[in-house]
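Report on one structure; see the data block that follows.
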């Protein structure tokens, strides 16, 4: 991928290559200025963490991010972590709606803490897309990728649809994230995670056996859609290396949700088997669920008969594994209720911590159901330095969960805090489009930028 992007920059960018490279050098230099601001990382960040260099696989790729909320911003953040220059285009005076999704809010800032989650490593500019389309066309000319999540047809009204922009830049990769795609009877509906998860069946299979449908604790369909989009964009960049052409990518929440049904979907499609809600239990493996302990819950599973025998041995109830009703997984599924009740009585007699000591080194999977505090206090999470601390111009510093992917040679890091609304408007338009201060002042007076 690194070789591809290096070659791509040499001959895919055409007449804008010098300008782009200079811009990226300026961006890196600007970020380097944060080196002396006493970055207090609780992890492995160092002085180089705020700059993009040749070790970042996407150095040299510029992305116009016209997305809001979660799915789109999460996609562009993953690409930004890999070194892409992401310019977040926001509505003047309002910005990304997620900025207002609080409490809690950042200290000394109008932005919600929610906004922090998918927006690091970006620059924010404010342009009115209705009156600033010409300005956006100029940015499209010198960009590789545009990502948007408007209802289909919205951007076309302002000259910002794919068919319009590919005339401006034939190499542009244009990624649309929507609720239901650009075709079909639901195409014009706005997309929301919980609605797509409802229509797509995820809520139907989530929750306790005899309880109502339940959503996952985070916007998992949004996040998965963003990850699909990020992978699709990388594939399109690679294909452009050979074709010298851009293309349009459609990613939608409903299709993503259906793809996440995995075996539940194939069970129905191939065997006509309708799914049920199982709580934390597994439809085909027993035991495989959360059990109440003396002070909380513990999740364990035995995927083989040998693992079940080991579990019984560690619990000092080996006779259970020899019982004809529980000898094989097929038997255990048939007698699920009785076995689960037996295990519940045993596990409820001690604490999760003591059971984890008992199960140390076990071949079967087991772990406590942690609170969020316990997650971030966990010795393993702290040892791998997953949490990063970044300087923020108003809040002093903010903490984010860094990239979960680690490369042996490439860099993939949290470098800069999520931007304030319009923080980089003058900087970006001045650097990339050579706008003078008086021109920017005029655009601001006209309400086109903020």
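Numbering (the numbering used here), first residue to last: 106 to 555. For every residue, glycine included, the Cβ atom is placed at its ideal position computed from N, Cα and C.
Confirm, please, whether the CB-CB distance from residue j to residue i is below 7 Å.
i, j, result
"residue 397", "residue 312", "no"
"residue 408", "residue 425", "no"
"residue 238", "residue 263", "yes"
"residue 331", "residue 179", "yes"
"residue 217", "residue 500", "no"
"residue 236", "residue 553", "yes"
"residue 485", "residue 522", "no"
"residue 221", "residue 189", "no"
"residue 225", "residue 515", "no"
"residue 473", "residue 403", "yes"
"residue 491", "residue 480", "no"
"residue 457", "residue 412", "no"
"residue 376", "residue 369", "no"
Relative to the alpha-carbon of residue i, which residue among the options has its alpha-carbon at the smallest distance?
i, options, result
"residue 353", "265, 290, 461", "265"
"residue 91", "401, 158, 208", "Because the chain here runs from 106 to 555, residue 91 falls outside it and cannot be looked at."
"residue 196", "217, 172, 212, 211", "172"
"residue 243", "259, 277, 225, 217", "277"
"residue 245", "462, 275, 520, 509", "275"
"residue 384", "351, 316, 503, 448", "316"
"residue 429", "444, 415, 552", "444"
"residue 329", "427, 446, 502, 183", "183"
"residue 509", "520, 503, 489", "489"
"residue 503", "487, 524, 198", "524"
"residue 394", "365, 442, 427, 478", "442"
"residue 365", "341, 310, 258, 416", "310"
"residue 517", "537, 348, 493, 475", "493"
"residue 192", "258, 526, 161, 290", "526"
"residue 255", "387, 289, 290, 295", "295"
"residue 271", "289, 259, 251, 290", "251"
"residue 314", "387, 347, 247, 335", "387"
"residue 437", "459, 392, 267", "392"
"residue 247", "542, 536, 543, 549", "536"
How far does the alpha helix (DSSP H) with residue i in it extend, from its first residue to its last?
i, result
"residue 413", "410-419"
"residue 537", "530-538"
"residue 371", "367-376"
"residue 547", "542-550"
"residue 231", "Note, residue 231: premise wrong, no alpha helix (DSSP H); beta strand (DSSP E) at 227-231."
"residue 270", "267-273"
"residue 480", "477-482"
"residue 504", "Segment 501-506 is the beta strand (DSSP E) holding residue 504; no alpha helix (DSSP H) there."
"residue 450", "441-452"
"residue 179", "176-186"
"residue 246", "238-246"
"residue 636", "It is not possible to answer for residue 636, since the shown part of the chain is limited to 106 through 555."
"residue 234", "It is not in any alpha helix (DSSP H) - residue 234 carries neither H nor E in the DSSP assignment."
"residue 423", "423-427"
Using a Cβ-Cβ cut-off of 7 Å (strictly less than) and excluding sequence neighbours within five positions of residue i, which residues of its own chain qualify?
i, result
"residue 531", "545"
"residue 302", "308, 320, 326, 362"
"residue 540", "534"
"residue 86", "It is not possible to answer for residue 86, since the shown part of the chain is limited to 106 through 555."
"residue 223", "175, 178, 179, 182"
"residue 333", "356, 361"
"residue 198", "555"
"residue 415", "467, 468, 469"
Identify, in the order they occur along the chain, each residue of the same chain with its Cβ nearer than 8 Å to the Cβ of residue i, setting aside the five sequence neighbours on each side.
i, result
"residue 378", "372"
"residue 241", "169, 194, 232, 234, 265"
"residue 453", "396, 397, 398, 399"
"residue 551", "236"
With residue i as the anchor, note down where its beta strand (DSSP E) starts and where it stops.
i, result
"residue 496", "492-497"
"residue 346", "Here residue 346 belongs to no beta strand (DSSP E); instead the alpha helix (DSSP H) covers 325-348."
"residue 472", "471-473"
"residue 394", "393-397"
"residue 277", "Premise fails: residue 277 is in no beta strand (DSSP E) and is neither H nor E."
"residue 168", "167-171"
"residue 511", "Looking at the DSSP string, residue 511 is not in any beta strand (DSSP E), and its letter there is neither H nor E."
"residue 190", "190-195"
Which residues in the same chain as residue i place their Cβ atom closer than 6 Å to its Cβ, once the five residues preceding and following it in sequence are excluded?
i, result
"residue 327", "175, 176, 298"
"residue 143", "Because the pLDDT at residue 143 is just 30, under 50, the model does not fix this residue reliably, and the value given afterwards should be weighed accordingly. Correct list: empty, nothing qualifies."
"residue 249", "166, 167"
"residue 305", "359, 362, 363"
"residue 137", "Here residue 137 scores only 37 on pLDDT, less than 50, and its place in the model is too uncertain to base an answer on."
"residue 455", "399"
"residue 134", "For residue 134, the predicted model reports a pLDDT of 36, less than 50, meaning its position is unreliable; a value from the coordinates is still stated below. Correct list: empty, nothing qualifies."
"residue 212", "500"
"residue 287", "257, 355"
"residue 127", "Bear in mind that the predicted position of residue 127 carries a pLDDT of just 39, short of 50, making it too unreliable to give a figure here."
"residue 203", "174, 219, 220"
For residue i, verify whether its CB is less than 6 Å away from any heavy atom of the ligand PLP.
i, result
"residue 300", "The model depicted lacks the ligand PLP and carries no ligand whatsoever."
Given 8 Å, three or more beta-carbon pairs between the segment 343-357 and the segment 266-284: yes
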